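Protein chains in written order, with our numbering: chain C, 256 to 465; chain V, 256 to 465.
There are 2 protein chains.
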Amino acid sequence: MILYDMDKAPNPRRVRMFLAEKGITVAMVSIDLPAGENLAPGYLAINPRGVVPTLVLDDGTVLDESLAICRYFEGLQPEPNLFGRTPLETAQIECWQRRMEFDGMGSIALAFRNSQPAFADRAVPGAGPATPQIPALVERGQMLSRHWLDALEKRLAQSSHVAGDRFTVADITAFVCVDFAKWIGVRAGDAHPALRAWYAAIKARPSASA
Amino acid sequence: MILYDMDKAPNPRRVRMFLAEKGITVAMVSIDLPAGENLAPGYLAINPRGVVPTLVLDDGTVLDESLAICRYFEGLQPEPNLFGRTPLETAQIECWQRRMEFDGMGSIALAFRNSQPAFADRAVPGAGPATPQIPALVERGQMLSRHWLDALEKRLAQSSHVAGDRFTVADITAFVCVDFAKWIGVRAGDAHPALRAWYAAIKARPSASA
């Protein structure tokens, strides 16, 4: 199998971090997003949506959503468990993972995609129709990202990890988003002591540099 | 347990449809979203994010993401299976489910939330900061929704169901989104014969009116 990757982008990083936690090695090919390589015919023949990461199995099957790729590996190799063991724990982890995606990554991406010159006519990721940037979304994205960061601080003041008392896929999404938020100028500060302590602990894991 | 619901909103409908397919009955309480009941103190004490659906278990545990609620019930009652049986099938269904959410529901919601007078200062769902509507997002959302509908037609011209040859949670998300898209004036037409045949088949299921 081959994982199509891009070293700086947050979604591929989530998958790399997940694989590192599992101790799984997959052959990777890097796609140059700022140069638009994901929209070139060669890549679109592999993934018509033009997004990364994309996992292509040996029989040609394509998985092009980060969480689906992670859950596939969780199924193949259940330990260390990152998605939950019981129906309730699995649901709680999925709640937190999705809160981090929608409230965090979605907000950060708004500000990022609508401000970067490299994405002037591609404000929405992938191979959809040309989408002009909307400057007002930069402010909206920054405001919502700050709100998400404050909500994460409240959570981590009460819980050692995002979804409870152990490291899960929800920590991966949250950690990657905290780094992604720096790209739009939103950073944890003095008002986020619990978040910063959690961040330092996750940063110390070998998977953080995967 | 209690499921906080809203009859017209697409996310609660996904959960009701899922429960109907499983043959599971849950006590429901309806929340009046247009009137802002989800942002009133009573509901925020239950769910600080202010979104529906929300499932509250007998011990007070709160699950507030549609897919997490569905997956919880899938774990409690595995049949009929709607999320996949093998790691690969599970991952493929999740890919399609997320494509429907991000490319479909996300696009439709952009146009909807940024145009409805009821959401003038609440262009983003839930209890986050006041978020003014951005008129340019109506056009962006409609354009992306049409693109999603065309992509879904291509898929359904090759596959009897969204994620493969049987009904899954990906069909639920897609079906709910096709109806949701009507609210922003985006409808399947003569260019979508496969989609319309699939839609008619799903519409005939008892769960479609749940």
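C-beta atoms are modelled at their ideal positions from N, C-alpha and C, and glycine is treated no differently.
Computed from a prediction, not measured in an experiment: that's the story for all the values here.
Q: Tell me the start and end of each unbroken beta strand (DSSP E) in the stretch 258-295 of chain C that is at least 3 residues and wholly inside, in chain order.
A: Runs of the beta strand (DSSP E) lying entirely within the stretch 258-295 of chain C and spanning at least 3 residues, in chain order: 282-285.
(Q) Assuming the contact rule is C-beta atoms closer than 8 Å, residue 286 of chain C and residue 260 of chain C should be a hit. Round their C-beta distance to whole Å, please. (A) Residue 286 of chain C sits at position 31 when you count from the first residue of the first sequence. Residue 260 of chain C sits at position 5 when you count from the first residue of the first sequence. Rounded, the Cβ-Cβ distance is 7 Å, consistent with contact.
(Q) Output needed for residue 420 of chain C: all residues of its chain with C-beta closer than 8 Å, excluding positions within five of it in sequence on either side, in chain order. (A) Position 165 of the first sequence, counted from the first residue, corresponds to residue 420 of chain C. The beta carbon of residue 420 of chain C is closer than 8 Å to those of 414 in its chain, skipping five residues each way along the sequence.
Q. In whole angstroms, what separates the C-alpha of residue 417 of chain V from that of residue 430 of chain C?
A. To locate residue 417 of chain V, count along the second sequence from 1; it is residue 162. To locate residue 430 of chain C, count along the first sequence from 1; it is residue 175. When only Cα atoms are considered, residue 417 of chain V and residue 430 of chain C end up about 32 Å apart.
Q.
Does residue 317 of chain V come out as helix, strand or coil in the three-state DSSP assignment?
A. Counting from 1 along the second sequence, the entry for residue 317 of chain V is found at position 62. Correct three-state label for residue 317 of chain V: strand.
(Q) So the candidates are V:327, V:334, V:347; which of them puts its Cα closest to the Cα of residue 340 of chain C? (A) Position 85 of the first sequence holds residue 340 of chain C. It is V:327 whose Cα lies nearest to the Cα of residue 340 of chain C.
(Q) Using only CA atoms, which one of V:412, V:391, V:310 lies nearest to residue 446 of chain V? (A) Residue numbering aside, residue 446 of chain V sits at position 191 when the second sequence is read from its first letter. Taking residue 446 of chain V as reference, the option from V:412, V:391, V:310 with the minimal CA-CA separation is V:412.
Q. Would DSSP call residue 310 of chain C helix, strand or coil?
A. Looking up residue 310 of chain C in the first sequence gives position 55. The answer is strand: DSSP assigns residue 310 of chain C an E or B state.
Q) With a cut-off of 8 Å, does the C-beta of residue 298 of chain V fall near any C-beta of chain C? A) Translated into positions along the second sequence, residue 298 of chain V becomes position 43. The C-beta of residue 298 of chain V comes no closer than 8 Å to any C-beta of chain C.
Q) Does the beta-carbon distance from residue 398 of chain C to residue 265 of chain V come in below 8 Å? A) As a first step, residue 398 of chain C must be located in the first sequence, where it is residue number 143. As a first step, residue 265 of chain V must be located in the second sequence, where it is residue number 10. Annotated as distal: residue 398 of chain C and residue 265 of chain V, with beta-carbon spacing of 8 Å or more.
(Q) Less than 8 Å between the beta carbons of residue 300 of chain V and residue 350 of chain C, yes or no? (A) Taking the second sequence and counting its residues from 1, one reaches residue 300 of chain V at position 45. Taking the first sequence and counting its residues from 1, one reaches residue 350 of chain C at position 95. By the CB criterion at 8 Å, residue 300 of chain V and residue 350 of chain C fall outside the cutoff.
Q) With 16 as the cutoff for other CB atoms within 10 Å, does residue 315 of chain C come out buried or exposed? A) The residue labelled residue 315 of chain C in the question sits at position 60 within the first sequence. Classified as exposed, residue 315 of chain C has fewer than 16 neighbouring CB atoms from the shown chains inside 10 Å of its CB.
Q | Chain-ordered chain V contacts of residue 346 of chain C [CB-CB under 8 Å] | A | For this step, residue 346 of chain C is matched to residue 91 along the first sequence. Contact annotation for residue 346 of chain C against chain V: 318, 323, 324, 326, 327, 330 [CB-CB distance below 8 Å, chain order].
Q.
From the DSSP secondary-structure annotation, give me the bridge partner or partners of residue 386 of chain C.
A. The count along the first sequence starts at 1 and reaches residue 386 of chain C at position 131. C:377, per the DSSP bridge assignment.
Q | Own chain, CB closer than 6 Å to residue 527 of chain C, minus 5 neighbours either side, in chain order | A | Any property of residue 527 of chain C remains undetermined from this structure, which presents chain C solely from 256 to 465.
Q | Close Cβ partners of residue 373 of chain V (< 6 Å) along its chain, the five nearest in sequence each way excluded | A | As a working note, residue 373 of chain V is residue 118 in the second sequence. Within the same chain, residue 373 of chain V has close Cβ partners 289.
Q. Does the distance from the C-beta atom of residue 428 of chain C to that of residue 269 of chain C stay below 8 Å?
A. Translated into the one-based positions of the first sequence, residue 428 of chain C becomes position 173. Translated into the one-based positions of the first sequence, residue 269 of chain C becomes position 14. Yes.
Q) Which of the three DSSP states, helix, strand or coil, is assigned to residue 419 of chain C? A) On the first sequence, residue 419 of chain C is found 164 positions in, with the first residue counted as 1. Here residue 419 of chain C sits in strand by DSSP.
Q) Under a CB-based cut-off of 8 Å, is residue 391 of chain C close to chain V? A) For the purposes of this step, residue 391 of chain C is taken as the residue at position 136 of the first sequence. Yes, contact with chain V.
Q.
How far does the alpha helix (DSSP H) with residue 472 of chain V in it extend, from its first residue to its last?
A. For chain V, the structure presents residues 256 to 465; residue 472 of chain V sits outside this window and is missing.
Q | Neighbour flag for residue 335 of chain C against chain V, beta carbons, 8 Å | A | Counted from its first residue, the first sequence places residue 335 of chain C at position 80. Not an interface residue.
(Q) Would residue 350 of chain V pass as an interface residue toward chain C - the criterion being a Cβ-Cβ separation below 8 Å? (A) Stepping through the second sequence from its first residue, residue 350 of chain V is reached at position 95. Closer than 8 Å: yes.
Q) Exposed or buried, what is residue 457 of chain V when buried is set at 16 or more other beta-carbons lying within 10 Å of its beta-carbon? A) Working through the second sequence from its first residue, we reach residue 457 of chain V at position 202. Result: buried.
**Q.** 8 Å Cβ cutoff met for residue 389 of chain C and residue 391 of chain V
**A.** For the purposes of this step, residue 389 of chain C is taken as the residue at position 134 of the first sequence. For the purposes of this step, residue 391 of chain V is taken as the residue at position 136 of the second sequence. Yes, Cβ-Cβ distance for residue 389 of chain C and residue 391 of chain V is below 8 Å.
Q. By Cβ distance below 8 Å, which residues in the same chain neighbour residue 257 of chain C in space, the five residues on each side in sequence not counted?
A. Locating residue 257 of chain C in the first sequence gives position 2, counting from the first residue. Closer than 8 Å at the Cβ level, and outside the excluded window around residue 257 of chain C, lie 281, 282, 283, 284, 310, 311.
Q. What is the residue span of the alpha helix (DSSP H) that residue 404 of chain V lies within?
A. Translated into the one-based positions of the second sequence, residue 404 of chain V becomes position 149. That run of the alpha helix (DSSP H) goes 391-411.
**Q.** Contacts that residue 399 of chain C makes with chain V (C-beta to C-beta distance below 8 Å)
**A.** In the first sequence, counting from the first residue as 1, residue 399 of chain C sits at position 144. Against residue 399 of chain C, the close residues of chain V are 379, 383, 384, 386, in the order they occur along the chain (beta-carbon pairs closer than 8 Å).
Q. Are residue 305 of chain V and residue 381 of chain V closer than 8 Å when you measure CB to CB?
A. Locating residue 305 of chain V in the second sequence gives position 50, counting from the first residue. Locating residue 381 of chain V in the second sequence gives position 126, counting from the first residue. Contact flag set, yes.
**Q.** Residue-level contact to chain C via CB, residue 343 of chain V, 8 Å cutoff
**A.** Working through the second sequence from its first residue, we reach residue 343 of chain V at position 88. Residue 343 of chain V counts as touching chain C.
(Q) Could you compute how far the alpha carbon of residue 337 of chain V sits from the alpha carbon of residue 278 of chain C? (A) Your numbering for residue 337 of chain V matches position 82 in the second sequence. Your numbering for residue 278 of chain C matches position 23 in the first sequence. Taking the straight line joining both Cα atoms gives about 30 Å.
Q) Going by C-alpha distance, which of V:325, V:274, V:352 is nearest residue 410 of chain V? A) Taking the first residue of the second sequence as position 1, residue 410 of chain V is located at position 155. Relative to the Cα of residue 410 of chain V, the nearest Cα in the group V:325, V:274, V:352 belongs to V:352.
Q. If you check the beta carbons only, do residue 443 of chain V and residue 433 of chain V fall under 8 Å apart?
A. Working through the second sequence from its first residue, we reach residue 443 of chain V at position 188. Working through the second sequence from its first residue, we reach residue 433 of chain V at position 178. Contact: yes.
Q) Considering only residues of the same chain and omitting the five flanking positions on each side of residue 462 of chain C, which have a CB-CB separation below 6 Å? A) Position 207 of the first sequence, counted from the start, is the residue given in the question as residue 462 of chain C. Scanning its chain for C-beta atoms nearer than 6 Å, with the 5 sequence neighbours on each side dropped, one finds around residue 462 of chain C the residues 272, 275, 276, in chain order.
Q. Is the shortest distance between the beta-carbon of residue 395 of chain V and the beta-carbons of chain C less than 8 Å?
A. Locating residue 395 of chain V in the second sequence gives position 140, counting from the first residue. Yes, its Cβ sits closer than 8 Å to a Cβ of chain C.
Q: Show which residues of chain C have a CB atom less than 7 Å away from the CB atom of residue 402 of chain V.
A: Along the second sequence, read from residue 1 onward, the residue named residue 402 of chain V stands at position 147. By Cβ distance, chain C contributes 383, 384.
(Q) Going by C-alpha to C-alpha distance, which of C:376, C:344, C:267, C:441 sits closest to residue 291 of chain C? (A) Position 36 of the first sequence, counting from 1, holds the residue named residue 291 of chain C. Looking at the Cα atoms, C:376 is the closest of the given residues.
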